[in-house]
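Trainee:
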RNA sequence: GGCCCCGUAGCUCAACUGGAUAGAGCAGCUGACUUCUAAUCAGCAGGUUUCAGGUUCGAGUCCUGACGGGGUCACCA
């Protein structure tokens, strides 16, 4: 019964075959648009040329044929090149019954495939920000969607916990930290460490500014300035200063070497500070109500890629230049030459990713992987996938880059140097605060315990934030207006929650009225009811699309449309006070199914439903 | 400059993948709570889908070329 449209399509194809002895495979069937009174529409135009008959004649012939064969087709009309088909109400009652009888409606059957999803993937030197939030929400949501679409899913991340940037915060803490800890300062661990990362930059800039006045610096400037102003020259020279003259730079590079040589003091410091950051990350993920099954750390995987480099060289998939660096030729994929290993034998970004991929295969034997990473890395992933393909990895045919656009502020790009980065924890706090204000004003939660109130406010605030981000197609760059993100009216998460809460409220009342049981006498659907059933029927299809296109926004927009249709229905139709008992029971049943699907769809987005609001 | 992505109402986004008169929300204006929760509903207004060509019965969607925005072209990640 979930396949009304495919049934109609098949019948239409049969009709074409029987009436015109022509086979038509790419028939288009779609829901009839609102301004016409029918249920499904078959587009006739493509047939006109082949059959050399008028659209009207073809439509009428096919319509009549179908009307005669299927009892639940009750009418048809050919308008211009469109054959509009009307179905009997009974089929929609059957559909609703069928949905109600389907346990876990929307859940597709097991595909027997395991997919690994990578998201979040932060650096352990500063707290998460708005960009990470988009990443995490997309990763979490697509994981849920894939599970519902029948895949087994493993949620992972790769944590960048090594390298020069990490050492900067370690140096700053050793020099200026006075043995303070997140606990002693009562600061969240990731923010605590991030502050030292910022402090390093500040101290380094001071050091650099002082150095610029020295004779050495002036000589360098005079010899190399090439007409640049002093300011501009030293801006460009910063990196070289760090590597060749800076005291702090020297300390930092020394620390990285010591780290790679397993110096116990450095390792201890590194472990301590890393654990602070990771604790902080955990808190943020908790606050967002998401989780990750398995962490991979670059500190653990950065060496493993090297065995793959050996393998690639042996199989002549990679080649070595005279200086010792290793490359792969991806010219036939239009991706040029890609470096796989540095001339000094140390690994680069892609080396790690090759290693991590194999490590994951060893751990999980997955059939494929999805990397949730910003679109500035499109090229990297093309190269990575092509390389894994060249290496003939068993999972190489099912690798996807869920490439999402940057998040801008109304004022423009987020820039850490200009302090315009929106901190994840601040943002979460803010949206919950906004929800709290709102529920307080409206007084709807007054009879609940403080804990329940807090819980509901968190659900509402997070719904606003998450929906605001997930409703946008992932590949599009989006503008994040903090003011709009806490909006709770119109096309928002709370609007959809509100539809759910209205249904719960009705159900509570219905229970008190002892309105239970089934009644099948209700037989005439109004447009609002029919519309809701049609939308419910769309749900599995929507999951399919979202899963195929890796697009949570499909679910977000679907949920909005369903909630909107319910709000309309709620306003236009008496549910409990209708004198016809069979109507009441039918509408309760319909409402219940709507609430189930809304709840499920929101689950797919990682958003929870409150019972009251 | 080469390659990749984006361009739809004042703003934020849709448009079932080529189908009928391009839809929602916000902001603005008007109306609906003694009635199942008004975080709601209805209405008004808002568009040469950046531009110019092309493909065809039919283009916001496909192709070409401009223009505008962003990304990327590291032995960074």
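Numbering (my numbering), first residue to last: 48 to 660.
Glycine included, each C-beta is placed from N, C-alpha and C at the ideal position.
As a quick exercise: from 437, 360, 379, pick the residue whose alpha carbon is nearest that of residue 373.
Mentor: It is 360.
Trainee: Could you tell me which of 453, 539, 405 sits nearest to residue 509, measuring between CA atoms?
Mentor: Answer by Cα proximity: 539.
Trainee: Might you give, ordered along the chain, the residues of its own chain that have their beta carbon closer than 8 Å to the beta carbon of residue 426, omitting 5 neighbours on each side?
Mentor: Same-chain partners within the cutoff: 382.
Trainee: For residue 635, which option in 554, 548, 304 has the closest C-alpha, if you only look at C-alpha atoms?
Mentor: Of the candidates 554, 548, 304, the one whose C-alpha sits nearest the C-alpha of residue 635 is 554.
Trainee: With a threshold of 7 Å on Cβ separation, who are the neighbours of residue 579 within its own chain once the five nearest residues in sequence on each side are excluded?
Mentor: So the qualifying residues of the chain are 612, 613, 616, 637, 641.
Trainee: If you run the structure through DSSP and keep just helix, strand and coil, what is residue 377?
Mentor: If DSSP states are grouped into helix, strand and coil, residue 377 belongs with coil.
Trainee: Cβ-heavy atom distance between residue 414 and the ligand GTP below 8 Å?
Mentor: Among the ligands in the structure shown, none appear at all, so the ligand GTP cannot be discussed.
Trainee: Under the assumption that residue 219 contacts residue 250 (Cβ atoms under 8 Å), give the Cβ distance between them as a whole number of angstroms.
Mentor: With a Cβ gap of about 7 Å, residue 219 and residue 250 count as contacting.
Trainee: I think residue 243 touches residue 216, with their Cβ atoms under 8 Å apart; what is that distance to the nearest whole Å?
Mentor: About 4 Å separates the two Cβ atoms, so the contact holds.
Trainee: I think residue 526 touches residue 457, with their Cβ atoms under 8 Å apart; what is that distance to the nearest whole Å?
Mentor: So it is a contact: roughly 6 Å between Cβ atoms.
Trainee: Does DSSP classify residue 662 as helix, strand or coil?
Mentor: The structure shown does not extend to residue 662, since the chain spans only 48 to 660, so no value can be given for it.
Trainee: Could you check the C-alpha separation between residue 131 and residue 96 for me, to the nearest Å?
Mentor: Taking the straight line from one Cα to the other gives about 20 Å.
Trainee: Exposed or buried, which one is residue 102 when buried takes at least 16 other CB atoms within 10 Å?
Mentor: Looking at its Cβ environment, which holds 16 or more other Cβ atoms inside 10 Å, residue 102 is buried.
Trainee: DSSP three-state label for residue 55, please.
Mentor: Residue 55 falls in the helix class under three-state DSSP.
Trainee: Residue range of the alpha helix (DSSP H) that residue 384 falls in?
Mentor: Element bounds for residue 384: not the alpha helix (DSSP H) but the beta strand (DSSP E), 384 to 388.
Trainee: Just to confirm, is the Cβ distance from residue 239 to residue 323 under 9 Å?
Mentor: Going by C-beta atoms, residue 239 is nearer than 9 Å to residue 323.
Trainee: Answer with buried or exposed for residue 153, where buried requires no fewer than 16 other C-beta atoms within 10 angstroms of its C-beta.
Mentor: Its Cβ being crowded by 16 or more others within 10 Å, residue 153 is buried.
Trainee: With DSSP as the reference, identify every bridge partner of residue 77, one or two as the case may be.
Mentor: Answer is 88.
Trainee: Do residue 327 and residue 229 have their C-beta atoms closer together than 9 Å?
Mentor: Yes, the pair counts as a contact, with Cβ atoms nearer than the cut-off.
Trainee: So what does DSSP say about residue 104, is it helix, strand or coil?
Mentor: Of the three classes helix, strand and coil, the one that applies to residue 104 here is helix, per DSSP.
Trainee: Cα separation between residue 550 and residue 498?
Mentor: Near 23 Å, if we compare the C-alpha coordinates of residue 498 and residue 550.
Trainee: Output yes or no for whether 9 Å exceeds the beta carbon distance between residue 188 and residue 652.
Mentor: Taking 9 Å as the Cβ cut-off, residue 188 and residue 652 qualify as a contacting pair.
Trainee: Report the CB separation of residue 475 from residue 449 in whole angstroms; it is logged as a contact under 8 Å.
Mentor: Between residue 449 and residue 475 the Cβ distance is about 23 Å, and since that is not below 8 Å, they are no contact.
Trainee: Enumerate, from N- to C-terminal direction, the unbroken alpha helix (DSSP H) stretches of 4 or more residues contained entirely within the region 303 to 369.
Mentor: Counting only runs of 4 or more, we get 311 to 335, 345 to 348, 352 to 361.
Trainee: CA-CA distance, residue 139 and residue 606?
Mentor: About 20 Å.
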